[in-house]
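Take a look at the structure below.
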Amino acid sequence: MLVDDGNLIERLRMGDDVAFAELVEHHAAPLLAVTRRILRDEEDARDAVQEAFVAAFRGIGEFQSESRVSTWLHRIAVNCALMKLRGLERRREQDVDALLPPFQPDGHQRHSSVAWLETAEDILHREQSCALVRQCIDQLPESYRIVLVLRDIEQLPPDVVAEKLQITRDNLKVKLHRARQALRTLLDPHMRGAS
Amino acid sequence: MSHVTCIELIAFLDAYVDNELDAETRGTFDLHLLVCPSCRAYLASYRETIELVRGVAEQEEELAHDAPRELIEAVLTSKSSRPKS
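So the protein sequences, as listed, match chains A and B. The opening position of the first sequence corresponds to residue 101 in this note's numbering, with each subsequent residue numbered one higher. The opening position of the second sequence corresponds to residue 2 in this note's numbering, with each subsequent residue numbered one higher.
This is the structure in structure tokens:
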């Protein structure tokens, strides 16, 4: 485990190959988890990690000493994955409206919502249920899925996500709320025990 | 805002969950939730959805102990094959 980011950065700046190997060994796995979530394709995810480390090594002079190495690498990996995502052929964007709750003309819910049988904590204890949640996230229309991944999973600040996705902060807020609602709709039949 | 309907409450549910509403608006939301079991269920499942997304990601992080060896080798090779600046 790396206990001294400052020392590591100094060695990287001096071109120390051992320091670079330490950096890669320690951070490759969490960065791969990040790029997998964004890209959903193993080969693309590995390519993005490789590009991230090359970019990090190239940009080592720009590292701010008050930052954590893990946070700095995380941002670089997100950037590399998003660039790759933009370069991939876009799937036809599906409308999210069908996954939002319908309402009656008087503003009441058209179908009454039913309480879920289990809490998130209970559900997360079962591997099969985690896979189901992951599948439901992957079913979201791409522009909503990526907002959910960057805000609720990677927990990047709103300004950063809006800038990366080239949308306004207000648009980001609307998209995140719709993404959560759409995911809730996809999870609902499983969580209320109807399936 | 003297009272809200389900559609208004759900439209601003993210702001309610994130404590971004002013006290008066929050109060009207709370009143609606008191009398509307459907919105109470919706709010609870909306919160669980956020928890599930974060929880699944945390589990994936915990399982990601080791990167594939070939990836690490590829990164190290790509770095060493670059001309030194």
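Positions of the beta carbon are idealized from the N, C-alpha and C atoms, including for glycine.
Nearest candidate by alpha-carbon position, reference residue i, set the options
| i | options | result |
| --- | --- | --- |
| W172(A) | L256(A), R292(A) and A145(A) | L256(A) |
| N179(A) | M291(A), K264(A), L272(A) and K273(A) | K264(A) |
| R280(A) | T219(A), A145(A), C236(A) and S213(A) | C236(A) |
| V154(A) | R140(A), Q164(A) and L123(A) | L123(A) |
| R136(A) | E49(B), T6(B), F30(B) and A58(B) | A58(B) |
| V54(B) | R234(A), Q266(A), I267(A) and D288(A) | R234(A) |
| E110(A) | T285(A), K273(A) and F163(A) | F163(A) |
7 Å CB neighbourhood of residue i in its chain, flanking five on each side removed
| i | result |
| --- | --- |
| A128(A) | V149 |
| A282(A) | V196, L199, L200, L240 and Y244 |
Chain A contact for residue i (CB, 8 Å cutoff)
| i | result |
| --- | --- |
| T6(B) | yes |
| R55(B) | yes |
| L22(B) | no |
| T50(B) | yes |
Contact list for residue i against chain B, beta-carbon separation under 9 Å
| i | result |
| --- | --- |
| F120(A) | V76, L77, K80 and S81 |
| L248(A) | V54 |
Neighbour flag for residue i against chain B, beta carbons, 8 Å
| i | result |
| --- | --- |
| M114(A) | no |
| R137(A) | yes |
| F163(A) | no |
| D144(A) | no |
| M183(A) | no |
| A155(A) | no |
| E242(A) | no |
| V196(A) | no |
Chain-ordered neighbours of residue i on chain A, where CB pairs are closer than 7 Å
| i | result |
| --- | --- |
| H33(B) | Ordered by position in chain A, no residue passes the 7 Å Cβ test against H33(B), which lies about 10 Å from the chain. |
| E62(B) | P130 and A133 |
Other residues of its chain near residue i: CB distance less than 6 Å, five sequence neighbours each side excluded
| i | result |
| --- | --- |
| I160(A) | L112 and R113 |
Same chain, Cβ closer than 8 Å to residue i, five either side skipped, listed in chain order
| i | result |
| --- | --- |
| P202(A) | Q209, R210 and H211 |
| D238(A) | R140 and R245 |
Proximal residues of chain A, C-beta to C-beta of residue i below 9 Å
| i | result |
| --- | --- |
| Y17(B) | Chain A residues near Y17(B): none, gap ~11 Å exceeds 9 Å. |
| E9(B) | G207 |
Amino acids of chain B, ordered along the chain, whose beta-carbon sits closer than 8 Å to that of residue i
| i | result |
| --- | --- |
| D206(A) | T6 |
Under 7 Å from the C-beta of residue i: neighbouring residues of chain B
| i | result |
| --- | --- |
| V261(A) | Simply none; closest approach about 14 Å. |
| S212(A) | S39 |
Original post:
Mind listing which residues of the segment 214-230 of chain A have their C-beta closer than 7 Å to chain B's C-betas, in chain order?
Top reply: V214, A215, W216, T219, A220, I223, L224 and C230
Original post:
Using a beta-carbon distance cut-off of less than 8 Å, what residues from the segment 273-288 of chain A approach chain B?
Top reply: K273, L276, H277, R280, Q281, L283, R284, L287 and D288
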